[in-house]
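S.K.: One rule links them: number in this note's numbering = place in the sequence shown (from 1) + 57.
By construction, the Cβ of each residue, glycine as well, lies at the ideal position given by its N, Cα and C atoms.
In this text, all values refer to a predicted model and were calculated from it rather than measured experimentally.
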Amino acid sequence: MKITNWLYANYILPIKNNKYLNMKLIKFILVGFVFGIVLTKSEAVSWYRIYEMFQFQSFHMYGIIMVAVLTGIIGIQIIKRFHLKDYSGTPISIPNKEHSIARYLLGGLIFGLGWALAGSCPGPIFILIGSGFISVIVVLLGAVLGTFLYGVLKNKLPH
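As structure tokens, then:
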């Protein structure tokens with residue numbers, strides 16, 4: 058019960074009491090719906106498409122991933138060039154990262170194992186649940202557990 062009260066006090070109540078923030082969040086909710094529709098229509102949430110990708114039988118998912126990477130690169134460059142701010146007006150800062158191969162290998166291994174076990178990238182978890190695939194709730198619980206474990210082990214991991 059204490060966690061519920063904490064979540065309500067720290068996340069729900071500030072949004073509920075701030076009508077301006079409520080209106081600002083609507084655009085993010087709409088973007089989320091559009092993102093979900095695009096991922097569903099492109100079949101990026103399809104287990105069969107993911108299976109084809111790992112079997113090297115289809116270029117479909119590789120194309121989607123390349124478009125996502127290019128979109129991310131362009132988005133980061135726009136943020137850096139125009140010094141964009143987040144929804145609360147705070148400038149978005151993207152610090153440089155040290156180049157350490159261990160963290161990429163460990164992170165990629167954990168992410169890849171999770172993807173293989175779940176049969177999907179964690180991105181469309183909510184899309185799949187919203188599409189009626191109730192069994193994906195197990196994947197959501199695994200993602201929450203993984204996030205919790207990261208928080209516990211954060212100081213011991215290579216960053």
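Using the three-state DSSP reduction, which class does residue 154 fall into: helix, strand or coil?
M.R.: Here residue 154 corresponds to residue number 97 of the sequence shown, with the count starting at 1. Residue state, collapsed to three classes: coil.
S.K.: Does residue 135 have its Cβ less than 8 Å from a Cβ in chain C?
M.R.: No chain C appears in the structure shown, which is made up of a single protein chain.
S.K.: Which residues bound the alpha helix (DSSP H) around residue 200?
M.R.: Here residue 200 refers to the residue found at position 143 of the sequence shown. Counting along the chain, the alpha helix (DSSP H) containing residue 200 begins and ends at 193-210.
S.K.: So the candidates are 142, 203, 149; which of them puts its Cα closest to the Cα of residue 164?
M.R.: Position 107 of the sequence shown, counted from the first residue, corresponds to residue 164. Minimum Cα distance to residue 164 is reached at 203.
S.K.: Out of curiosity, what's the CA-to-CA distance linking residue 159 and residue 215?
M.R.: The residue labelled residue 159 in the question sits at position 102 within the sequence shown. The residue labelled residue 215 in the question sits at position 158 within the sequence shown. Distance between the alpha carbons of residue 159 and residue 215 is about 7 Å.
S.K.: Rounded to a whole number of angstroms, what is the C-alpha to C-alpha distance between residue 177 and residue 89?
M.R.: As a first step, residue 177 is located in the sequence shown; it is residue number 120 there, counting from the start. As a first step, residue 89 is located in the sequence shown; it is residue number 32 there, counting from the start. Cα to Cα, residue 177 sits roughly 18 Å from residue 89.
S.K.: For residue 80, is the classification buried or exposed, using 16 other Cβ atoms within 10 angstroms of its Cβ as the cut-off for buried?
M.R.: Taking the sequence shown and counting its residues from 1, the one referred to as residue 80 is at position 23. Burial call: exposed.
S.K.: What is the rounded straight-line gap between the Cα of residue 98 and the Cα of residue 118?
M.R.: In the sequence shown, the residue the question calls residue 98 occupies position 41. In the sequence shown, the residue the question calls residue 118 occupies position 61. Cα to Cα, residue 98 sits roughly 13 Å from residue 118.
S.K.: Using the C-alpha atoms, what's the distance from residue 106 back to residue 115?
M.R.: Taking the first residue of the sequence shown as 1, we reach residue 115 at position 58. Taking the first residue of the sequence shown as 1, we reach residue 106 at position 49. About 8 Å.
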